[in-house]
Amino acid sequence: MIFTVAIDGPAAAGKGTISRAVAAQFGFRHLDTGLLYRAVSAKGGDPVDAARGLRPADLDRDDLRSLAAGQAASRVAAIPAVREALAGFQRRFAREEGGAVLDGRDIGTVICPEAEVKLYITASAEVRAHRRWLEVGGDEAQVLAEVRERDARDMGRDTSPLRAAADAVVIDTSEMPVDEAVRRASDIVERALEARR
Ligand code: C5P
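To get the numbering used here, take the position in the sequence shown, counting from 1, and add 6.
Here is the structure:
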């Protein structure tokens, strides 16, 4: 069975948690596509060369999850040739036999517009910054400023800007416990699977 769940949205909205839970529940493979952009910027050198030469081992670094790595990733992600170099791998992952969950910014709009399920997970910038701050500590106002800066860059770029696909279901997690968001996402996937049976 070929079945793609595309999960897009801004940083710290809950995409990762929801994606992992949905993948585990339905036995689908999961790809955190943000990690690809983080790894490209962490490799250094020319970002287009880094994207073209990206290898699985490049994703294994333990410095990819920091706030700084996220900011740096959003800069290389604005380069059209970097996005192009990473697109084929993501598309193959999405359409391989067995079902796949991909989370990112442009999965439902550009990488896999034919996805069987499209979700757009969002929350207010304040709530997202607070969640990130609970994980990383430091100055919360600074974390909020960085969240806003990254949103502006990801939503404002010319190539594949972050936005909900017209046919995506929007889940706003600002005032929703994570298990409720996971349940809603799972229900939507379950219904889409049933419709195909
Ligand atoms: O999701 P994550 O925070 O790991 O993504 C890091 C950055 O990578 C994002 O801010 C965004 O600029 C970029 N990205 C993207 N398209 C994706 C996934 C991530 O442009 N599909």
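Think of the CB as a built atom: it goes at the ideal place given N, C-alpha and C, for glycine as much as any other residue. No experiment lies behind these values; they were computed from the predicted model shown.
Every alpha helix (DSSP H) stretch that sits fully inside the stretch 112-176 and reaches 4 residues is listed by chain position as 131-142 and 146-162. DSSP places R189 in the helix class (H, G or I) of the three-state scheme. V28 has no beta-bridge partner at all, per DSSP. Taking all protein chains in view, the Cβ of P183 is surrounded by fewer than 16 other Cβ atoms within 10 Å, so the residue is classified as exposed. In the structure shown, the three-state DSSP call for T179 is coil. Less than 8 Å divides the Cβ of D14 from the Cβ of A170. Excluding five sequence positions before and after D69, the CB atoms of its chain that fall closer than 8 Å to its own CB belong to A48 and A75, given in chain order. Put simply, the backbone Cα of V188 is about 32 Å away from that of A57.
Closer than 7 Å to some heavy atom of ligand 1: that does not describe the Cβ of L150.
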